[in-house]
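K.L.:
Attaching a single structure in C-alpha cells format; questions to follow.
Protein chains: 2
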Amino acid sequence: MRGGTSKCWVFDESAMPAEPSLDRVLAAAFGSSDPRQIDGVGGATSTTSKAAIVRRSADAEVDIEYLFAQVGIGFDGVEWGSNCGNCATAVGLYALQTGLVDARHPVSVVRMRNRNTGAVLTATVPTPDGIVPELGGQTVPGSAAAGVPVALGFLNPAGTSTGALLPTGDAVDRVDSVDASLIDAGAPAMLVDARQIGATAHESVEEFEAFVPELRRLRRLGALRMGLDTPQDPVRHGVPKVGVVAAPAPYRTSTGVAVAAADHDLAVRMLSMHAPHPAIGLTSAVAVAAGVVTTGTLPATLAGNRPVQTSIRLGTPVGVVPVDIDLDDSGAVRAVTLHRAARRIATAELLVPVRVPVPGSLSS
Amino acid sequence: MRGGTSKCWVFDESAMPAEPSLDRVLAAAFGSSDPRQIDGVGGATSTTSKAAIVRRSADAEVDIEYLFAQVGIGFDGVEWGSNCGNCATAVGLYALQTGLVDARHPVSVVRMRNRNTGAVLTATVPTPDGIVPELGGQTVPGSAAAGVPVALGFLNPAGTSTGALLPTGDAVDRVDSVDASLIDAGAPAMLVDARQIGATAHESVEEFEAFVPELRRLRRLGALRMGLDTPQDPVRHGVPKVGVVAAPAPYRTSTGVAVAAADHDLAVRMLSMHAPHPAIGLTSAVAVAAGVVTTGTLPATLAGNRPVQTSIRLGTPVGVVPVDIDLDDSGAVRAVTLHRAARRIATAELLVPVRVPVPGSLSS
C-alpha cells in the first residue's frame with residue numbers, strides 16, 4: 005500500500021512467523037541484503053522499504069495493533085525501534101478494506117496501537133454508506149499521486165518512548181557544543197539548531213546531503229542523552245529521528261515551487277536513516293509540532309513563540325505540511341492530526357526463500 | 005520475478021490492455037511519474053523497473069512470445085526499444101511455472117520470441133520428473149541471491165534489429181573523433197574504445213559515473229549511425245546499449261574481489277539508461293561476445309584476436325561473466341548462451357489507478 009509518501013507492505017499477523025524469525029522472513033521477502041533489493045519486494049529507498057504487521061486487538065481501547073518494520077537496504081535485517089505515520093495511514097485503510105474493522109456511514113474511525121512505541125493513533129476515513137473506497141482524489145505534499153483521504157491522529161503523543169515530552173527535563177540541551185531540543189512525541193526526535201552546524205533548514209534534498217554525516221554522529225549522542233540507548237548498544241539508524249530547524253525564510257520546494265517566509269511557521273529538514281528525508285516523517289512532524297507549543301524549545305523559539313494555533317505549518321523540502329494541534333486545558337497535547345492519503349497498490353502472495361524454525365523443533 | 009540481476013514483473017497478456025493503453029497501465033502500475041516509484045510496484049532503479057508481457061505463440065518455431073518494457077523512473081512512460089536477457093530468464097521459468105509450456109524430464113526447453121526485437125531465445129531449466137522448481141541454489145555474478153538455474157540461449161543473434169551484425173558494414177566506426185564498434189547481436193550495441201574517452205573499462209561503478217554524460221551523447225550519435233533513429237526522433241535512453249571496452253588488466257569487483265588480467269578476455273563497462281550498469285545486460289553481453297569472434301572489431305582486437313573459444317570471459321564490475329559461443333561452419337554465431345538463475349518473488353493482483361479506453365468506445 006501507499007500511505008502518504010511511503011510505500012509499505014502490510015501483513016496480517018496470522019500469515020507471519022513469530023519473532024525473531026519475523027526479522028529473517030521480512031529481510032528475505034524484501035531482498036534486504038542487496039542495496040537494490042532485486043531479490044525481493046523492497047523498493048530500495050528508506051521510504052519504500054517498510055512493512056507493518058497487523059492484528060485485531062484484545063484491548064478495548066483500540067481496534068487493531070500493528071508492528072512497524074524498517075526493513076534493511078543493503079543489510080540483512082530489520083529495525084524495530086520506531087513508528088511510521090505514513091504506514092499507519094495505510095494500516096488504517098487496510099483494516100477497513102480487509103474487514104478487520106467495520107466501516108460506518110459517513111466516516112469510519114480506526115483506533116490503532118503501534119506496538120513498537122505504544123503510540124495510540126486514529127485513522128479517520130470517509131466511508132459513505134459504509135463503503136470503503138479503493139481509490140480517491142486526495143494528495144499530500146511530496147507526491148502527485150492521489151489516494152483515499154485519511155486523517156491520522158496521534159493521541160496523547162508525549163512521552164510514548166521515554167515517559168516524558170522532554171526526556172532530559174530540559175527544553176534545550178547542549179550536545180557536543182550544539183544546541184538541540186530532545187523531544188519525545190510521536191517519536192523521539194533530536195531537533196538541532198540549523199545555524200549551529202552551518203545549515204539553514206531551507207536546503208534542497210541534494211544540498212542537505214552535506215549534513216548527513218554530522219547529523220548521524222549527533223543522532224547517536226542524542227540517543228544516549230535521551231536514554232534510548234546505552235554506549236554498549238549498537239548504533240541505530242532510525243532512532244531518534246534527527247534533523248535541523250530554523251526560523252521561516254523564503255525557499256523553493258523540490259519541484260521548484262516558491263515558499264514565502266509567511267507561508268510557514270518553522271523550517272525543518274530531517275534525515276531518514278542515512279539520507280535526507282525528501283519530505284518529513286509524520287512522527288517527526290508530531291515531535292516538531294509538539295515542540296512548537298512547548299515554551300523554551302528550539303521549535304517554539306524559532307517559530308517566534310506565537311500564540312498556540314490550531315494548525316502549525318512546517319516548511320519541508322516538498323512544501324508546507326500543516327499539522328493540527330489539539331491541546332487540553334492544562335496546555336498538554338491531546339492530539340496531533342495530519343491529513344494524508346493512502347491506497348492499495350497490490351495484493352500479493354510472497355515466496356520467501358528462508359527456512360524458519362518450526363515451533364518446538366531445534367533451532368540454531 | 006527475479007531473473008539474474010534484474011527484477012521483472014511478468015504479466016499474462018490476457019490480463020493486460022492493448023497498446024497504447026498498455027503504456028499508461030504499466031507506468032501507473034509501477035508509479036513511474038515519481039523517481040522513487042512510491043505509488044506503484046516499481047523498484048526505482050533501471051534493473052528493478054522492468055516488465056514482460058507473455059503469451060502463447062501461434063508460430064511453431066517458438067512456444068511463447070513476450071514484450072519487454074523498460075518502465076519509466078521519474079517519467080510517466082515506457083520504453084519498448086530493447087530486449088532484456090535477465091527478464092527473458094524469468095519469462096522462461098514463468099512459462100514453465102504457470103503451465104504455458106509443459107515441463108519434461110530431466111530438463112525443459114522453452115523457446116521464446118522477443119517481440120521488441122524479433123530475437124529468438126531458449127531457456128533451459130532442470131525439471132527432474134517434470135517438476136518445475138520454485139527455488140534453487142544457482143547464483144550469478146552480481147547477486148548473492150540463489151535461484152533456479154536457467155541457461156539462456158540467444159539463437160542466431162546477429163542482425164535482429166538492423167538486419168546485419170555490423171549495421172554500418174564496418175568493424176570499427178569513427179563517431180565524432182572516437183572509435184567504436186557498432187554491433188547488432190542480442191541488442192544493438194555501441195562499444196567505445198575506453199582509452200579514447202579517458203576511461204579504462206576497469207572502473208568501479210562509482211568511478212564510471214564520470215563517463216555517463218559522454219556515453220549518453222555518443223549513444224545518440226550511434227543510434228543515428230546504426231539507422232535505429234533519425235534526427236527527428238526523440239532521444240532514446242535504452243537504445244543502442246552503450247559502453248566501453250578495453251584489454252584485460254587487474255581490477256577489483258564491487259565487492260572487493262581481485263580479478264587478474266588472466267582471469268578475463270575483455271574488460272567492459274556499460275550504461276543502463278542514465279547510470280553505470282552494475283554488471284552487464286545480457287543482450288549487451290551477447291553483442292560483446294559476438295564482437296570478440298568478429299575479426300577487426302574493437303572487442304576482437306582488444307581481446308587479442310585469440311582463437312575462437314567456446315567460452316569468452318567478460319570482466320564486469322561484479323566479476324567475470326562467462327559467455328558460451330556456438331559458431332556454425334561458416335564462422336557465424338549460431339547461439340550465445342549465458343548461465344543465469346531466476347525465481348518467483350511474488351504473485352500479485354495490482355490495483356492500477358488509470359482509466360483505460362474500452363475497445364469500441366471513444367478515446368482521446
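So the sequence lines, in the order shown, correspond to chains A and B. The first sequence: position 329 = 333 (this note's numbering), numbered continuously. The second sequence: position 146 = 150 (this note's numbering), numbered continuously. Glycine residues also receive a C-beta, built at the ideal position from the N, C-alpha and C atoms.
#1: To the nearest whole angstrom, what separates the beta carbons of residue 407/B and residue 346/B, a pair I think is in contact under 8 Å?
#2: Which residue wins for smallest C-alpha separation from residue 201/A, given the options 214/A, 258/A, 208/A, 175/A?
#3: Per DSSP, what are the beta-bridge partners of residue 178/A in this structure?
#4: Which residue's Cα is closest to the Cα of residue 295/B: 186/B, 124/B, 121/B, 9/B?
#5: Considering only heavy atoms of the ligand MG, does any lie closer than 7 Å to the CB of residue 103/A?
#6: Taking residue 11/A as the query, report the chain B residues whose CB atoms sit under 7 Å from its CB, ordered along the chain.
#7: Less than 8 Å between the C-beta atoms of residue 97/B and residue 127/B, yes or no?
#8: Would you list the one or two residues that DSSP bridges to residue 340/B?
#9: Does the stretch 350-359 of chain A come within contact of the stretch 281-301 of chain A, defined as at least 3 CB pairs closer than 8 Å?
#10: Along chain B, in chain order, which residues have C-beta atoms closer than 8 Å to that of residue 353/A?
#11: Exposed or buried, which one is residue 118/B when buried takes at least 16 other CB atoms within 10 Å?
#12: Runs of 3 residues minimum, wholly inside the stretch 120-169 of chain B: which ones carry the beta strand (DSSP E) assignment?
#13: Please classify residue 367/B: does DSSP put it in a helix, a strand, or coil?
#14: With a Cβ-Cβ cutoff of 8 Å, do residue 61/B and residue 46/B count as a contact?
#15: If contact is defined by three or more beta carbon pairs under 8 Å, each pair taking one atom from either stretch, is the stretch 69-83 of chain B in contact with the stretch 25-44 of chain B?
#16: Report, in whole angstroms, the separation of the C-beta atoms of residue 134/B and residue 107/B, which I expect to be a contact under 8 Å.
#17: Give me the chain A residues within the contact set of residue 73/B, using Cβ-Cβ distance strictly less than 8 Å, ordered along the chain.
#18: Any beta carbon from chain B within less than 8 Å of residue 99/A's own beta carbon?
#19: With distances taken between CB atoms, is the gap from residue 291/A to residue 190/A smaller than 8 Å?
#20: According to DSSP, which residues form a beta bridge with residue 112/A?
#21: Just the Cα atoms here: how many angstroms apart are residue 163/A and residue 233/A?
#22: Looking only at C-alpha atoms, which of 148/B, 43/B, 231/B, 124/B sits nearest to residue 40/A?
#23: I want to verify the contact list: residues of chain A whose CB lies under 8 Å from the CB of residue 138/B, in sequence order.
#24: Using a Cβ cut-off of 9 Å, pull out every chain B residue sitting near residue 293/A, in sequence order please.
#25: Taking the continuous alpha helix (DSSP H) assigned at residue 93/B, which residues delimit it?
#26: Rounded to the nearest angstrom, how far is the Cβ of residue 306/B from that of residue 262/B, given a contact under 8 Å?
#27: For residue 45/A, go through chain B and note every residue whose CB falls closer than 7 Å to its CB, in chain order.
#28: Just tell me which of 87/B, 102/B, 13/B has its CA closest to the CA of residue 158/B.
#29: Verify the CB distance criterion: does residue 147/A have a CB-CB separation below 8 Å to chain B?
#30: Output the boundary residues of the beta strand (DSSP E) element that contains residue 350/A.
#31: Within the same chain, show all residues whose beta-carbon is closer than 7 Å to that of residue 130/B, passing over the 5 residues directly before and after it, in chain order.
#32: For residue 326/A and residue 326/B, I'd like the C-alpha separation in whole angstroms.
#33: What are the start and end residues of the beta strand (DSSP E) that includes residue 247/B?
#34: How many Å lie between residue 55/A and residue 9/A at the Cα?
#35: Reducing DSSP to helix, strand and coil, say where residue 104/B ends up.
#36: For residue 21/B, tell me which candidate among 30/B, 13/B, 210/B has the shortest Cα-Cα distance.
P.N.:
Reading off the structure:
#1: Residue 407/B lies beyond the residue range present for chain B, which begins at 5 and ends at 368; the question has no answer from this structure.
#2: In this structure, 214/A is the residue among 214/A, 258/A, 208/A, 175/A with its C-alpha nearest to the C-alpha of residue 201/A.
#3: Beta-bridge partners of residue 178/A (DSSP): 183/A.
#4: It is 186/B whose Cα lies nearest to the Cα of residue 295/B.
#5: Of the ligands one can find in the structure shown there are none, so the ligand MG has no counterpart to examine.
#6: Chain B residues near residue 11/A: 42.
#7: Yes, these two residues count as a Cβ contact at 8 Å.
#8: The partner list for residue 340/B (beta bridge, DSSP) reads 158/B, 329/B.
#9: With a cut-off of 8 Å, the stretch 281-301 of chain A and the stretch 350-359 of chain A do not count as touching, because too few Cβ pairs lie within range.
#10: Near residue 353/A (Cβ distances below 8 Å), the residues of chain B are 350, 351, 352.
#11: The C-beta of residue 118/B has 16 or more other C-beta atoms within 10 Å across all chains shown, which makes the residue buried.
#12: Entirely contained in the stretch 120-169 of chain B, the beta strand (DSSP E) runs reaching 3 residues are, in chain order, 124-130, 142-144, 147-159.
#13: Any reading at residue 367/B must be qualified, since the residue scores a pLDDT of 38, below 50, and its modelled position is unreliable; the value itself is stated next. In this structure, DSSP gives residue 367/B a state outside helix and strand, which the three-state scheme calls coil.
#14: Residue 46/B is positioned such that its CB atom lies no closer than 8 Å to that of residue 61/B.
#15: With the cut-off at 8 Å, the stretch 25-44 of chain B and the stretch 69-83 of chain B touch.
#16: The pair is a contact, with the Cβ atoms about 5 Å apart (cut-off 8 Å).
#17: When 8 Å is used as the limit between beta carbons, residue 73/B is near no residue of chain A, the shortest such separation being about 17 Å.
#18: With 8 Å as the cut-off, residue 99/A does not count as an interface residue toward chain B.
#19: Going by C-beta atoms, residue 291/A is nearer than 8 Å to residue 190/A.
#20: Looking at the DSSP assignment, residue 112/A forms a beta bridge with 129/A.
#21: Looking at the two C-alpha atoms, the distance is approximately 16 Å.
#22: Nearest C-alpha to residue 40/A: 148/B.
#23: Result: 355.
#24: Chain B residues near residue 293/A: none, gap ~23 Å exceeds 9 Å.
#25: Segment 89-101, the alpha helix (DSSP H) holding residue 93/B.
#26: About 21 Å; that fails the 8 Å criterion.
#27: Those are 349, 350, listed as they occur along chain B.
#28: Taking residue 158/B as reference, the option from 87/B, 102/B, 13/B with the minimal CA-CA separation is 87/B.
#29: Interface with chain B (8 Å Cβ-Cβ cutoff): residue 147/A is included.
#30: Start and end: 350-354.
#31: Result list for residue 130/B: 110, 111, 153, in chain order.
#32: Taking the straight line from one Cα to the other gives about 56 Å.
#33: It spans 245-250 - the beta strand (DSSP E) in which residue 247/B sits, taken as one unbroken run.
#34: Looking at the two C-alpha atoms, the distance is approximately 14 Å.
#35: Judged by DSSP in its simplified three-state form, residue 104/B adopts coil rather than helix or strand.
#36: Nearest neighbour of residue 21/B by Cα position, chosen from 30/B, 13/B, 210/B, turns out to be 30/B.
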